[in-house]
Every structure is written in structure tokens, then in C-alpha cells.
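Here is the structure we will look at.
2 protein chains.
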Amino acid sequence: MTDEALVLGLDVGGTSTRVLAVTPRGVRRGAGRASGGNPTGLGPERAAVALAEAVEQALTGLNPADVRHVVLGLAGGGVLPSGADLPGGEAFARVWDSVGVTCPVDYEPDALIAFVAGTDAPEGSLVLSGTGAVAIAVKDRAMAERSDGHGWLLGDRGSGFWLGRRMVLAAMAALDGDGPETALTGLVIESLRLRDPGPGNDSAATTPTTPPPPPPTARDLVAAVMAEPPTALARLAPLLSTACADGDPVAEAIADRAAEHLAATLSTVRGPDTATPIVLAGSVLTNPTPVAERVRRILRERWPDAEVVPALDGAAAAAWLALARIGPVPTPEIRERLFSIPTAS
Amino acid sequence: MTDEALVLGLDVGGTSTRVLAVTPRGVRRGAGRASGGNPTGLGPERAAVALAEAVEQALTGLNPADVRHVVLGLAGGGVLPSGADLPGGEAFARVWDSVGVTCPVDYEPDALIAFVAGTDAPEGSLVLSGTGAVAIAVKDRAMAERSDGHGWLLGDRGSGFWLGRRMVLAAMAALDGDGPETALTGLVIESLRLRDPGPGNDSAATTPTTPPPPPPTARDLVAAVMAEPPTALARLAPLLSTACADGDPVAEAIADRAAEHLAATLSTVRGPDTATPIVLAGSVLTNPTPVAERVRRILRERWPDAEVVPALDGAAAAAWLALARIGPVPTPEIRERLFSIPTAS
Chain V
0 MTDEALVLGL DVGGTSTRVL AVTPRGVRRG AGRASGGNPT GLGPERAAVA
50 LAEAVEQALT GLNPADVRHV VLGLAGGGVL PSGADLPGGE AFARVWDSVG
100 VTCPVDYEPD ALIAFVAGTD APEGSLVLSG TGAVAIAVKD RAMAERSDGH
150 GWLLGDRGSG FWLGRRMVLA AMAALDGDGP ETALTGLVIE SLRLRDPGPG
200 NDSAATTPTT PPPPPPTARD LVAAVMAEPP TALARLAPLL STACADGDPV
250 AEAIADRAAE HLAATLSTVR GPDTATPIVL AGSVLTNPTP VAERVRRILR
300 ERWPDAEVVP ALDGAAAAAW LALARIGPVP TPEIRERLFS IPTAS
Chain W
0 MTDEALVLGL DVGGTSTRVL AVTPRGVRRG AGRASGGNPT GLGPERAAVA
50 LAEAVEQALT GLNPADVRHV VLGLAGGGVL PSGADLPGGE AFARVWDSVG
100 VTCPVDYEPD ALIAFVAGTD APEGSLVLSG TGAVAIAVKD RAMAERSDGH
150 GWLLGDRGSG FWLGRRMVLA AMAALDGDGP ETALTGLVIE SLRLRDPGPG
200 NDSAATTPTT PPPPPPTARD LVAAVMAEPP TALARLAPLL STACADGDPV
250 AEAIADRAAE HLAATLSTVR GPDTATPIVL AGSVLTNPTP VAERVRRILR
300 ERWPDAEVVP ALDGAAAAAW LALARIGPVP TPEIRERLFS IPTAS
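And the structure:
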């Protein structure tokens, strides 16, 4: 056990809770991982159990009294205002007591952490498309403005959910004869497990006398989608890449529209002549998807002087922000060290 | 107790279960009413309890063995195909056993019953806009084709849910400065109880030193909407009439678009030169709303020779259909007698 100063960086999402314990020089002393820890989605008690597990793991062999600052980024499309009190935060406060961490804890929107995960600049903007979609403007490493992030029912335009829903609607229209044929129909049907993906293991069991099952209808698609929570539609988003790679015009039109929505969301919080960095976050924008390609193209046209960078590891970014809040802004060397190994997701 | 023949007509919805017991001459012998009885929304067991209660009420003082036929219309935007087995129907079958009704029971989509509630013609079409939206073509008093009815997440275009969501989006855009000012903003805010409806009882309690609460933001609207099930948005639909009465252009544009959607849904199942009747059903179309007015105008242009009639009492229509299925088509006199008193909703 050492007695050097430490900070903790946490990336708390709906499916995983990740923690890094690092020194002021950016050296990792501990890492922890547990299941989802978002109190809004899971309830404060269940979230607190995950938090405690991940933090205890990260602090194994370390002295909790050495922790000088904690930054915790919380998923939810940037719903939490910068520096706000956490809803249901009493359960989290009890966790810090129980593990012996007595320093200040900053709860921050995941969109701000994603910005820091892309750049060490104090000012700039972020556009995120994962399950949801949001854009923020950042000033002095705090969230200054926000656009969209309004959730799947009333917003999140251009998000993974939005893409999945549009793809199902395109498949339904094709099946009903209301819209053009599209490669998305077969992809969506397979993905919703409404039929076997082509000739597979089961084909041997099909005797010649077994009539093939009737092809799925639009109504079958509706039933399959409605059997799950709406946000499960985001799982279909990667199919868009497959259809666009084949030059499917329906898929390309959906990708175009998503990119326009995301660029419009960003434009709401970013002036036309701004040269500060733009961070791209969320799986739709950090992977080489048709939507990411189109968004990058629009950004180059609209903000030719801006650096466009992807968001990297959120837990490392939270740790970086914790260091910046208790001392000088970490040097590029420290930043590189922090981000050199991705935190296990 | 008499021993004349009887039929039962049932209108089973999400919020009420209504039953009529009538003679072949259309004379009411009994009526029953209970809470919602839709097995899909409420579960088969709870639905069966409501069904038993309403049927027992309707059969008070009557001999269940005299019931020759039952037609039961089931809410759900026409999801149930004409004559199909009811999902979870075993619980309903036990109800019929327990009350001593041994005759055949036809489970029918509510859209077909609504058609029969508008006309005694064997053929025609129906367009419905309530919480959901659907159109059907009817042949030989059975559902022949259906369009939309795909539920709030993937369809129901022009429905009460659709209107409510569009009105909230218009209010959010106005609050964010992304869209034009509209009377809908204040109406939606009041309806979501985000502020007092003007100076009211509470104003006396407000001392001059109390600062007024900050005006609601788009984000407050999102939070209020997300705190309820999505279909609760349909409750906002009547506000559109208020805003359209004031000539609000944003509200009028929403009404225009809803009417276009509903006309398109109907056109999918109805040929251009058809002269059979068109039945309007659901609260958005049977009340004098801006959407109903626009839909009627489009129907007059597109099908000038068609009679356009509103759907009346569903329980009476189900009883009428039950009579038509075991004997000659009831005379206009019998029909008038059946529909003369609305079944208590």
C-alpha cells in the first residue's frame, strides 16, 4: 500500500460501471468493473450495489483515504446538468462512506465526459449518437448548452433507436407494398428472428413435405418490436451499414436523414464560424458507419477549421477531469498514459 | 323469466366492458357494464373477471340457455382477424361455462363492430382514429383488408396518440426557439400540469416576495410525458380543437397532416371509384374535431358518391351482428330499436 495521491474516474452506464484509480502522473493503480449503475434506469439501490462492487475492485490494495477527487460520468444522453445533485444520490453517498472515500465527488453528464474523452481543449462541442442522441457546447470543461437528448419518444433524432425504427418502418412499407423494395426488409426480418437466416442447421430437419412457413408480414414485425422495450430498436442500427455497403437507396436515404438531424442538433449549440474541436461520441459516430461518414462530411463543409475527433475511454476521461479539477491541466504525456489502455468494457 | 330467444352483443375495451341482451326483434332485455376487459392489455384473468361481471348483470332475471349467439368486439385497433381465436381465450371460455351460456361466441375486431355500428350495409370501409388509428375494408360483414393499426411506436398515424405527440413536439420547438410560437405551448403546459391554468385559487397564497416559478422548458415537457405510458399522449388530442378554433396555424398544420394520414390509410384499403358507405369511428372522428372536419372534406372530394356515417353504440352493433348471424338481416325498424338508447359507457 502506497500513500500517494489518487483520483477516481467513473463511467457509469446502463449496462456497465467502470472505474479507474490513477495517480496525478496518470499511472493506473487500480481498475474495477461491474454491471450497470445508472440509478434512473435501475433504481438507486441496485445502482449503488454495482457502484460499490466496481469501486472496491478498483481500490483493492489501495488506501481509500488517498483518493483526493472523484468524477463520475452518468449515462442518459446528458440529462444531468453539469455539477447537479444526482437524483437518488443518497444511495451513492452511502457507498462512498462505506468504502472510505471522503473527498468531493462530482457527478457529471456522460456527454461532458465524452467530450473530455475526445479532447483536452477546455471549449468545443460534442455530438453523440448511441441509443440516444444529443449535442452539447462545452465552456471551461463544463456543459454550457445542450440540444436534443429528449429521449426516444420525443427526440433522439439520428440516434441508434431512430435508425432502428426507420429501418423497421422501411421494411414494413416494402412488405405492404407502400414503399420501395429494400435490402433492409430481409435484414430486419432476420434480426427480429422472424425467420432463419438463410439455409442453416435446421434445413436438414425440413422434410420435402413440410410447407415453408408463410413470409412475415408488417404486422409480424410490429408484434416482434412491441414485445421488447422501444430502445431495443437501437440494436438494429448496425444493419444499416450492411445495406448501405450494397448501395441500397432506402438505407442510404435513412443514413442521409440521420446525418442531417445530427448536424442540425449540433448546429443549435455551435455557431457557424467556430474553430474549437468537435468530438464525435456514441457507437453510431465512433464506428465507421454510413451515418458517421456523412456526419464527418457535413462537419468538414460547415466547420472546415475544426478538428473532429472521436471520444475514447470514458473512465479514463473522468479520471483526467478529476486530475484537472484538483491540479494543473494534465500534460499531453499524462493524457496519453491515461488513455493508452482502454478500460475493460 | 321468459323463454324467448336472445343474443348478446359485447363491446370490450381497455376501460369498459359493455353487454346488451336483446331479442330477435331488437328489444333490450338486459344490459351490463364493468371495467376494462381487454385480455391483451390487462391479462386474461383480470379481463375475465370484468367479462363475468358485465355478462351476469346483463343476464339478471334471464335464462342463459336462451342465448343463441354471442358477438364480442374487442378493442385493439383491429388487431384480431375476423373470426380468429382469442389470445388467452381459455379464461373467457370458462366465463361462458360459469354463466351457463353454451351457444357459439364470435370474437371480432372492434373495427368490424364499429363498421356495423355505422351502417347495415354488408360492404364498405371504416376509418378509425381514437387512441390508435386503423382502416379496414369490409366484405360480407367480415374484415377483408386492413391498413395501419400498427400501434403507437410504428404506426397509428393520425391517431389521438399521434396528435398528442405532435402537439408536444410543436410546444417543445416553440420553447426551444426551433419552431414558431403557437397557442399549443400554453395548452400543452397546462394539460401536463406544469403550471397553474392562469390566475387561480393558489394566487392568493402567493405573496409579493415569492418569485414566480421559472417557465417550463422543453426538457420539463419531456419529463412530464415520459412519466406516463406513451398512449397517455392521446389525452392531449382535444386541445387541438381549442387551438384550431383560435386559428393557430401550427395546430391547423397538425390537423391537416393527421387528416392526410387517415385518408391515405383509408385509400390503401378502398378503391378510387367505390360508392359503398364509409364509417367514421373513434373519438377523433366521431366528435366535431378539426381532424374530423378535414377528413370529411377529403372523403367528399375523393369518394363523392359514398355515404359517410359515424359509428354509434358498439354493444348494440355487436348485438345486431349476432342477430344477423343466426337469422335474416334485421330490419331497419329492429336496427333503430337496438340503437335508440345508447348503452351506458
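Chains as they are written, first to last, in numbering that gives the first Met the number 0: chain V, 0 to 344; chain W, 0 to 344. Note that beta-carbon positions come from the ideal geometry of N, C-alpha and C, so glycine has one too.
| request: Thinking I112(V) and G72(V) are a contact (beta carbons under 8 angstroms), I'd like their distance in whole angstroms, please. | output: 3 angstroms
| query | In three-state DSSP terms, what is I135(V)? | reply | strand
| task | Compare the Cα-Cα distances from T267(W) to each of G148(W), L193(W), A323(W) and R165(W) and report the closest residue. | result | G148(W)
| request: Taking only heavy atoms of the ligand SAH into account, decide whether any of them is closer than 7 angstroms to the Cβ of S158(V). | output: No copy of the ligand SAH occurs in the structure displayed, which carries no ligand at all.
| task | Could you check how far apart the C-beta atoms of G253(V) and R165(V) are, in whole angstroms? I think they sit under 8 angstroms. | result | In the sequence on display, residue 253(V) carries Ile and not Gly. The Cβ separation is near 5 angstroms, so the contact holds.
| said: Can you tell me whether R299(W) is buried or exposed? The criterion is at least 16 other CB atoms within 10 Å of its CB, across all chains shown. | reply: exposed
| field | Alpha-carbon spacing of R192(W) relative to P215(W), whole angstroms | value | 10 angstroms
| request: Determine, using beta carbons only, whether A57(V) and G31(V) come nearer to each other than 8 angstroms. | output: It is a contact, given that the beta carbons lie within the stated cut-off.
| Going by other Cβ atoms of all chains shown within 10 Å of its Cβ, with 16 needed for buried, is G123(V) buried or exposed? | That one is buried.
| query | Mind pulling the chain W residues with CB within less than 9 angstroms of A64(V)? | reply | Chain W residues near A64(V): none, gap ~39 angstroms exceeds 9 angstroms.
| field | Contact set for E3(V): own chain, Cβ-Cβ below 6 angstroms, skip 5 residues either direction | value | T22
| Span of the alpha helix (DSSP H) holding E107(V)? | In the DSSP assignment, E107(V) falls outside any alpha helix (DSSP H) and within the unbroken beta strand (DSSP E) covering V104 to P108.
| request: Identify each residue in the segment 263 to 293 of chain V for which the Cβ-Cβ distance to at least one residue of chain W is less than 8 angstroms, and report them in chain order. | output: T267
| task | State buried or exposed for G129(W), treating a residue as buried only when at least 16 other CB atoms are found within 10 Å of its CB. | result | It is buried - the Cβ of G129(W) has at least 16 other Cβ atoms within 10 Å.
| In chain W, what lies closer than 8 angstroms to H149(V) by C-beta? | At a C-beta separation below 8 angstroms, H149(V) has these neighbours in chain W: M171, A217, R218 and V221.
| Does V167(W) come within less than 8 angstroms of chain V when only Cβ atoms are used? | Answer yes: the Cβ-Cβ gap between V167(W) and chain V drops below 8 angstroms somewhere.
| field | Cβ-based burial, S146(W) [other Cβ within 10 Å; buried from 16] | value | Classification of S146(W): buried, given that the 10 Å Cβ count is 16 or more.
| task | Please confirm if the segment 306 to 313 of chain V is in contact with the segment 103 to 117 of chain V, defined as three or more CB-CB distances below 8 angstroms between the two stretches. | result | yes
| query | Closer than 8 angstroms, CB to CB, is V224(V) near chain W or not? | reply | yes
| message | Can you tell me whether S190(V) is helix, strand or coil according to DSSP? | response | helix
| Looking at the unbroken alpha helix (DSSP H) that takes in H260(W), where does it start and where does it end? | P248 to V268
| task | Can you give me the start and stop residues for the beta strand (DSSP E) that L153(W) sits inside? | result | Looking at the DSSP string, L153(W) is not in any beta strand (DSSP E); the run it does join, the alpha helix (DSSP H), is G150 to L153.
| task | Reducing DSSP to helix, strand and coil, say where L111(W) ends up. | result | helix
| Within the 8 angstroms Cβ cut-off, does L152(W) reach chain V? | yes
| request: Check the Cβ-Cβ distances between P229(V) and every residue of chain W, and say whether any is below 8 angstroms. | output: Closer than 8 angstroms: yes.
| Secondary structure of V48(V), DSSP reduced to three states | In the structure shown, V48(V) falls within a helical segment according to DSSP collapsed to helix, strand and coil.
| said: For P331(V), report the span of its alpha helix (DSSP H) as first-last. | reply: P331 to F338
| Just to confirm, are D10(V) and G313(V) a CB contact at a threshold of 8 angstroms? | yes
| Thinking C-beta only, is V54(V) closer than 8 angstroms to C102(V)? | no
| Apart from the five residues on each side of it in sequence, which residues of its chain come closer than 7 angstroms, Cβ to Cβ, to A173(W)? | P179, E180, T181 and T184
| said: Which runs of the alpha helix (DSSP H) at least 4 residues long sit entirely within the segment 21 to 45 of chain W? Give them in chain order. | reply: 38 to 41
| Span of the alpha helix (DSSP H) holding L284(V)? | S282 to T285
| Between which two residues does the beta strand (DSSP E) harbouring L9(V) extend? | Where L9(V) is concerned, the enclosing beta strand (DSSP E) stretches over L5 to V11.
| field | Rounded C-alpha distance that separates S240(W) from L220(W) | value | Roughly 20 angstroms between the two C-alpha positions.
| request: Mark I325(W) as exposed unless 16 or more other C-beta atoms lie within 10 angstroms of its C-beta, in which case mark it buried. | output: exposed
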